[in-house]
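Q: Just so we're aligned: 120 in the UniProt record's numbering is position 120 of the sequence shown, and the numbers increase by one with no gaps anywhere.
Glycine included, each C-beta is placed from N, C-alpha and C at the ideal position.
I'd like to ask some things about the structure below.
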Amino acid sequence: MLKKLITMTLVLSIAATGCIAEMTVEEVAKHTQEKYETVHDFKATRITTTNVQGAEVTDEIEISIKKPNKFMSEDKKRGVITVSNDEVMWVYDIKKGEATRTPLEGSGDLLDYDRFIKELLVDTNATLLGEEKLSDMFCYVIEETPKKDTYMTGQKIWIDKKYWLPVRIETDFESFNSSVEYTNISFNTGISDDEFEFSPPAGVKIIEPETKLPNNVSMEDAQNNVNFTIMTPSYTAGYEFNGATVSKSEYVESISLVYMKGRERMTITQTALQEKHLLPNAECVSIGETEGELVYILGNKLLRFDSNDKEIVITGTMNKEEFIKIAESMN
Numbered sequence: 001m002l003k004k005l006i007t008m009t010l011v012l013s014i015a016a017t018g019c020i021a022e023m024t025v026e027e028v029a030k031h032t033q034e035k036y037e038t039v040h041d042f043k044a045t046r047i048t049t050t051n052v053q054g055a056e057v058t059d060e061i062e063i064s065i066k067k068p069n070k071f072m073s074e075d076k077k078r079g080v081i082t083v084s085n086d087e088v089m090w091v092y093d094i095k096k097g098e099a100t101r102t103p104l105e106g107s108g109d110l111l112d113y114d115r116f117i118k119e120l121l122v123d124t125n126a127t128l129l130g131e132e133k134l135s136d137m138f139c140y141v142i143e144e145t146p147k148k149d150t151y152m153t154g155q156k157i158w159i160d161k162k163y164w165l166p167v168r169i170e171t172d173f174e175s176f177n178s179s180v181e182y183t184n185i186s187f188n189t190g191i192s193d194d195e196f197e198f199s200p201p202a203g204v205k206i207i208e209p210e211t212k213l214p215n216n217v218s219m220e221d222a223q224n225n226v227n228f229t230i231m232t233p234s235y236t237a238g239y240e241f242n243g244a245t246v247s248k249s250e251y252v253e254s255i256s257l258v259y260m261k262g263r264e265r266m267t268i269t270q271t272a273l274q275e276k277h278l279l280p281n282a283e284c285v286s287i288g289e290t291e292g293e294l295v296y297i298l299g300n301k302l303l304r305f306d307s308n309d310k311e312i313v314i315t316g317t318m319n320k321e322e323f324i325k326i327a328e329s330m331n
């Protein structure tokens, strides 16, 4: 009887191994996208590690997201809490005793790893390496290399078999590498909207950007209220101009152009050139004869570059090629 039981166990093990071998990258991606559609809210600890020439920096942040665009994060190391209910974003710096309040006009889906998976199949050569246990999670491991020459040289992704979530992403760049890992994960726990509301504690200094014009003014009105020539794209990937906002403070003025395509939003912000720092985990991309920085942030992308004595930042959910094409058409 024992011999028969051992034989049966071996047969089942071999059969299971065969099933694993038959799984493809496309099937893993399909399961991930299907699971994504059932997710309403998400909580996790996000651990980001960057290694530059042996110097390693690790950040740990608690995050909560509720579809489509409510967000809360707490960085205990730096003492910073960020809360957004899609209408207002608060950034509370506990150590400084300051809270910055920024009005919003909507954003893309903040939990948009579905788009990330779709682009993985289009923009890279992806290979399913097999399975691996990560902490207490059983994962499929995918290795990918860019189809075109980019600042990123390679990437490995661990997709949890239970949640079908990319729980770890390791990215190799030319001069450094980084990783993002999610732990303490929970889905669909019914996060209350109250978690995405913020009331500054008594005595905290409130900082609000000074806005001279209301939101969604015409391009002509916006141009009349800034001291530089506004640049606009001749190519917009099907997005239509929806309005502009001029922001002014003691030190800087900027213009934000909003473009919409259905519910999807693209924003182009222009500011007079100032001293700046490299964006962390950014991919270096070519925009005509200049270089830009492209980063992925919570399902959205951000492209930053300089042109005509201005810093230009484009945010949205388009693929990388569309970002670059829009940037190259700015004049």
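Let me make sure I understand the geometry here. Which of S247, G203 and E240 has the alpha-carbon closest to that of Y259?
A: Nearest C-alpha to Y259: E240.
Q: Find out if the Cβ-Cβ distance for the pair D59, K77 is shorter than 8 Å.
A: Contact flag set, yes.
Q: From the DSSP output, in three-state form, read off M219 for me.
A: Three-state result, M219: helix.
Q: Pull up the CB-CB distance for S179 and R168, whole angstroms please, since I reckon it's below 8 Å.
A: So it is a contact: roughly 7 Å between Cβ atoms.
Q: Which residue from T232, I287 and E195 puts its Cα closest to that of L268?
A: Strictly speaking, residue 268 in this sequence is Ile, with Leu absent from that position. It is T232.
Q: Give every residue of the same chain whose Cβ lies closer than 8 Å to the Cβ of S192, excluding the five residues on either side of it in the sequence, and list them in chain order.
A: So no residue of the chain qualifies.
Q: Could you check if T153 is buried or exposed, using at least 16 other CB atoms within 10 Å of its CB as the buried criterion?
A: With fewer than 16 Cβ atoms within 10 Å of its Cβ, T153 is classed as exposed.
Q: Measuring straight from C-alpha to C-alpha, what distance separates M23 and P166?
A: Their backbone Cα atoms lie some 17 Å apart in a straight line.
Q: Buried or exposed: V285, going by 16 or more other Cβ atoms within 10 Å of its Cβ?
A: Its Cβ being crowded by 16 or more others within 10 Å, V285 is buried.
Q: Specify the secondary structure class of A327 as computed by DSSP and reduced to three states.
A: Helix.
Q: Using 10 angstroms around the beta-carbon of L104, count the other beta-carbons present and answer buried if the total reaches 16, otherwise exposed.
A: Exposed, by the Cβ-count rule.
Q: By DSSP, does A21 sit in helix, in strand, or in coil?
A: Any answer about A21 is weak, because its pLDDT of 48 lies below 50 and its placement is not dependable; what the coordinates show is given next. It is helical.
Q: Write down the C-beta distance between I159 and T32 rounded to the nearest angstrom, noting that I regard them as a contact closer than 8 Å.
A: Indeed, because the Cβ distance is near 6 Å, the residues count as touching under 8 Å.
Q: Using 10 angstroms around the beta-carbon of G203, count the other beta-carbons present and answer buried if the total reaches 16, otherwise exposed.
A: Flag for G203 reads exposed.
Q: Could you give the distance in angstroms between the alpha-carbon of V28 and the alpha-carbon of G130?
A: Computed Cα separation, rounded: 11 Å.
Q: By alpha-carbon positions, which one of T50, G54, N51 and V83 ends up nearest to K66?
A: If we check each option's Cα against that of K66, V83 comes out closest.
Q: Tell me the DSSP secondary structure of D193 in three-state form.
A: The answer is helix: DSSP assigns D193 an H, G or I state.
Q: Please report the distance separating the alpha-carbon of N225 from that of D93.
A: Computed Cα separation, rounded: 31 Å.
Q: According to DSSP, simplified to helix, strand and coil, what is E208?
A: Coil at E208, not helix or strand.
Q: If you measure between the beta carbons of I326 and Y235, is that distance less than 8 Å?
A: Taking 8 Å as the Cβ cut-off, I326 and Y235 qualify as a contacting pair.
Q: Inspect the beta-carbon positions of K96 and D86 and report whether they are closer than 8 Å.
A: Their beta carbons are not under 8 Å apart, which means K96 does not touch D86 by this criterion.
Q: List in chain order: all unbroken beta strand (DSSP E) runs of 3+ residues lying wholly within the segment 59-110.
A: Listed in chain order, they are 70-75, 80-84, 88-93 and 98-103.
Q: Using the Cα positions of L128 and E143, report the straight-line distance between them to the nearest angstrom.
A: Rounded to whole angstroms, L128 to E143 spans 6 Å at the Cα level.
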